[in-house]
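Start counting at 1 in the sequence shown, then tack on 1, and there's your number in the numbering used here. First the structure, in the form of structure tokens, and then the observations on it.
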Amino acid sequence: MNKRREYPDWLQLAIWQTRKSYNNLIYVLIACVGFFLAYFVFSKNRKSSINIFFSLYTIFLIGWVISLYLFYNSDQQDVLFFGRLNFVVIEIVAYFGFYFGYFFPKKIFQFNTIFHIIVLLWLFFLVYLTMFTGLIDKNEIIELDGIKTVFGELYFIFVLHFIILVSLIFILPLCKYKKLNKLYQQQVIYFTLGSSLSIIIGTITNIIMPYFFDIYNLQIIGPIGLFFFFGFTSYAIIKHQLLDIKIVIQRSLVYSLVFSFIIGIYLFLIFIAGLFFSQSADLASITIALITTIISVYTVPMIERYFMRVTDYIFFKDKYDYSEALFDLSEVLNKNINLETLLKKIGVKLKEIFKIEQLLIILPERKIVLGIDGRISTKLNRHMEWYMRVIEGDNMLMINNSKEARLAKTADERKCEHESYKILLGNGKKFHVAMTVPIRLDNKLIGILAMGDKISGDMYTAEDCSLLKTFSYQAAVALEKSQLYEKAKNYSVELEKEVRERTGKIQSLQEEQKLMMLEIAHGMQTPLTIIKGEMRDLEEQIEDKKNIEVLENTIDRISKFIYDMLKLARMENQGSNFKKEKFDLSELLFELVESFEIICNDKDIKIEQDIASGIYMLGDQGEIAELITNLASNSIKYMDSQREKVIKLELKKDAGKIKFVLVDTGVGIDKDGLKKIFNRFYRINDDDHAGKSGTGLGLAICKEIVEHHNGTIEVRSEKGKGTVTNIYFPEMK
2 MNKRREYPDW LQLAIWQTRK SYNNLIYVLI ACVGFFLAYF VFSKNRKSSI
52 NIFFSLYTIF LIGWVISLYL FYNSDQQDVL FFGRLNFVVI EIVAYFGFYF
102 GYFFPKKIFQ FNTIFHIIVL LWLFFLVYLT MFTGLIDKNE IIELDGIKTV
152 FGELYFIFVL HFIILVSLIF ILPLCKYKKL NKLYQQQVIY FTLGSSLSII
202 IGTITNIIMP YFFDIYNLQI IGPIGLFFFF GFTSYAIIKH QLLDIKIVIQ
252 RSLVYSLVFS FIIGIYLFLI FIAGLFFSQS ADLASITIAL ITTIISVYTV
302 PMIERYFMRV TDYIFFKDKY DYSEALFDLS EVLNKNINLE TLLKKIGVKL
352 KEIFKIEQLL IILPERKIVL GIDGRISTKL NRHMEWYMRV IEGDNMLMIN
402 NSKEARLAKT ADERKCEHES YKILLGNGKK FHVAMTVPIR LDNKLIGILA
452 MGDKISGDMY TAEDCSLLKT FSYQAAVALE KSQLYEKAKN YSVELEKEVR
502 ERTGKIQSLQ EEQKLMMLEI AHGMQTPLTI IKGEMRDLEE QIEDKKNIEV
552 LENTIDRISK FIYDMLKLAR MENQGSNFKK EKFDLSELLF ELVESFEIIC
602 NDKDIKIEQD IASGIYMLGD QGEIAELITN LASNSIKYMD SQREKVIKLE
652 LKKDAGKIKF VLVDTGVGID KDGLKKIFNR FYRINDDDHA GKSGTGLGLA
702 ICKEIVEHHN GTIEVRSEKG KGTVTNIYFP EMK
């Protein structure tokens, strides 16, 4: 054996007292963490063999830590008992560790009963040999710098027992590795990694270093190595049971690393003290403790934050903020009403939050699917059809990417016997689905959300299920709202289409009526012209010219009516295709006023004019002349004989337009008649207008002429006060 470096007695005592204080603190922390994990895992599934043996394995590991605590705090009288108890606990730990590996992650092969009995009897024999003889632990000696173990002649049996059973802890799960699915393989990797780190550290510091090198100062690091086992192994079991305590595991690992840092500082200071201190043990002990404390106070928070960032990536690479994720999903649902846009944005946001590549949304009633490729389809293939058969209750389905499937714990396990679940078991792997969420509204299935495996390979956690459940309620409302919007939109489109069709039919009928009017008018115009010519011949031959004159007037009225019909029909068919030329509107009005004065003088009507000179416009001069003549004729025809008879014509430029005004002191028009004066064939039926000849088409023709020249016409009138007609034309530029 190598000879250990000798320190002064006072320094050895100081080191021993300080180390024992830190050891006690670490032992208490490890025991608390271990008991918490053991109780938590056991309480989650008390019938599971994995949970039971993990809890027993963990409890006896904590028992080993407690035995170390009692061992290092005992006097010479009890130290041998607690030293042997420490070995016994290690033997039992190896035994339960072996059975934990036998059941983890699931039992594939089986040992017979005789084997189990032999292993148990061997354990009892070894415990007896260790506890009641000196063949394993011969003696424990308390010295200034610690407790030294005197190993017995059969200590190697203890070592073989420990190595064989501990090796089986790894060998048994690894033998199952190829027969396991991807999920279980990952669990084996976590378990093997955590246990390896823990056992290697403990074996080196607590068995190899004391036995072969007579070094006992590093024994404290052995229990710290348990944090690796707690962290990695618990994480593997948690993934299998779909329990999320990764935050506990992470903190355990971080604090293990932090304590390792503190111990490193402590051991370094001990080395420095051995080189430079030569005074009392009390001063050395106080100085080392004070320096270690000061360094820890200022460095531990920074180191803790660093390890938290590093372990966040390991344990929480798929981590998301629950409230922020729910807000983002709610924002997508509330800001989008179009179904296609809504589905696509839901898909993008869910993939972003859960770190998945494959996602499927099925709306069975509407036969709409957001496919894995992100495209909208209206075809339901056979995979989607069996999905709809599966979703019968309100529960989520958790499907491993394998040939197995299991329901969330709230589901009725008896449904697994249903034919639809048999289909699910057979097709789950082919369709790469890890989570299926029904979207329901008032017990009505609105849609189905099928989500693929996470890119990280992790399973969906309880928090994921809670978020998806909350999202499904909001999504149901959003999809129903979208459906109502689509219905309203489709109804609007159908209504618009129906209106267009009916409008087209009406326009077609109007065109047919116009053509019929043209044909009738053309057909009647020629015979009337012939009749009128014959009437002139009769007038020369017959002495009674009065009846001939009445007949001629009747023919003239019919001819005027036919002319107006032809005029209106041609204008409507012609549209804007009429003659346009520049002419002097002022000069045209002067000429028309002269002709109006001849007629008005015979009827005692006064003509007034206020016509600005030099106003030109672009249009059909003949049409404009007919427009003004028609309006003046109406004023003359319906002049009020009980008042002063006046007709006034005005022409000027007003606000960039040409304004023509005709004012008369005629009988006027009531409000009801004023609304209809531009309708075809409309004639006012009252005492003032009775007995006046007319076709009822004059003002309709006037309006057509004005509109053909891009103008507007408006009439103001009041019964017994006369009429004012305003016409606006675009100013010629």
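All C-beta atoms, glycine included, are put in the ideal place defined by N, C-alpha and C. Since the model is a prediction, treat every value here as computed from it, not as a measurement.
Assignment of alpha helix (DSSP H) within the stretch 579–627, counting only whole runs of 4 or more residues, yields 586–603 in chain order. The C-alpha of Phe101 lies about 10 Å from the C-alpha of Phe171.
As DSSP reads the structure, Leu442 sits in a beta bridge with Lys445. Annotation: Trp65 to Ile165 spans about 19 Å, alpha carbon to alpha carbon. In this structure, Glu645 keeps its C-beta atom at 8 Å or more from the C-beta atom of Val662. DSSP places Glu141 within a strand segment (E or B) once states are collapsed to three. In this structure, the straight-line span from the alpha carbon of Ile447 to that of Pro365 is close to 7 Å. A straight line joining the alpha-carbon of Lys345 with that of Tyr58 spans about 49 Å.
Distance check between Ile137 and each of Ile158, Gln508, Lys149 and Ile678 places Ile158 closest, using alpha-carbon atoms only.
Counting every other CB atom within 10 Å of its CB across the protein chains shown gives Gln643 a total below 16, marking it as exposed. In the DSSP assignment, Asp673 falls within the unbroken alpha helix (DSSP H) covering Lys672 to Leu675. Linking Lys677 to Ile685 through their CA atoms gives a straight-line distance of about 9 Å. Annotation for Lys722: Gly669 place their beta carbon closer than 7 Å to its own, counting only its chain and skipping 5 residues before and after. If the five residues before and after Gly620 are omitted, its C-beta is found closer than 7 Å to the C-beta atoms of Lys581 and His710, all from its own chain and listed in chain order. The three-state secondary structure of Leu136, taken from DSSP, is coil. Between the stretch 84–103 and the stretch 33–45 there are fewer than three inter-stretch CB-CB distances shorter than 8 Å, so the stretches are not counted as touching. As far as DSSP is concerned, Asn680 takes part in no beta bridge. Apart from the 5 residues on each side of it in sequence, Lys139 sits with its Cβ closer than 6 Å to the Cβ of Val151 and Gly153 in its chain, given in chain order.
A residue is called buried once 16 or more other Cβ atoms fall within 10 Å of its Cβ, and Ser467, having fewer, is exposed.
Annotation: Phe328 to Tyr321 spans about 12 Å, alpha carbon to alpha carbon. The C-alpha of Thr114 is placed about 55 Å away from the C-alpha of Lys350. For Glu651, the uninterrupted beta strand (DSSP E) segment begins and ends at Val647 to Asp655. Judged by DSSP in its simplified three-state form, Pro731 adopts strand. Sequence-distant partners of Leu169 (beyond 5 residues in either direction) whose C-beta falls short of 7 Å from its own C-beta, in its chain, are Phe99 and Gly102. Excluding the 5 residues flanking it on each side, Glu705 has same chain C-beta neighbours closer than 6 Å at Met572, in chain order. Counting C-beta pairs with one atom in each stretch, the stretch 117–134 and the stretch 191–202 have fewer than three that are closer than 8 Å, which means they do not touch. DSSP places Thr59 in the helix class (H, G or I) of the three-state scheme.
In this structure, DSSP gives Met436 an extended state, which the three-state scheme calls strand. Where Ile706 is concerned, the enclosing alpha helix (DSSP H) starts and stops at Gly699 to His709. The three-state reading of DSSP puts Asp665 in strand, counting E and B together.
Taking C-beta separations shorter than 7 Å and ignoring five residues to either side along the sequence, the partners of Asp641 in its chain run Thr666, Gly667 and Val668, following chain order. Between Ala613 and Lys653, the C-beta gap is smaller than 8 Å, which places the two residues in contact.
Between Val80 and Glu141, the C-beta gap is smaller than 8 Å, which places the two residues in contact. Per the coordinates, the alpha-carbon of Phe192 lies some 6 Å from the alpha-carbon of Phe233.
Nearest to Ile702 by C-alpha distance, out of Ile363, Glu624 and Leu127, is Glu624.
For the pair Pro211 and Ile143, the Cα-to-Cα distance works out to about 15 Å.
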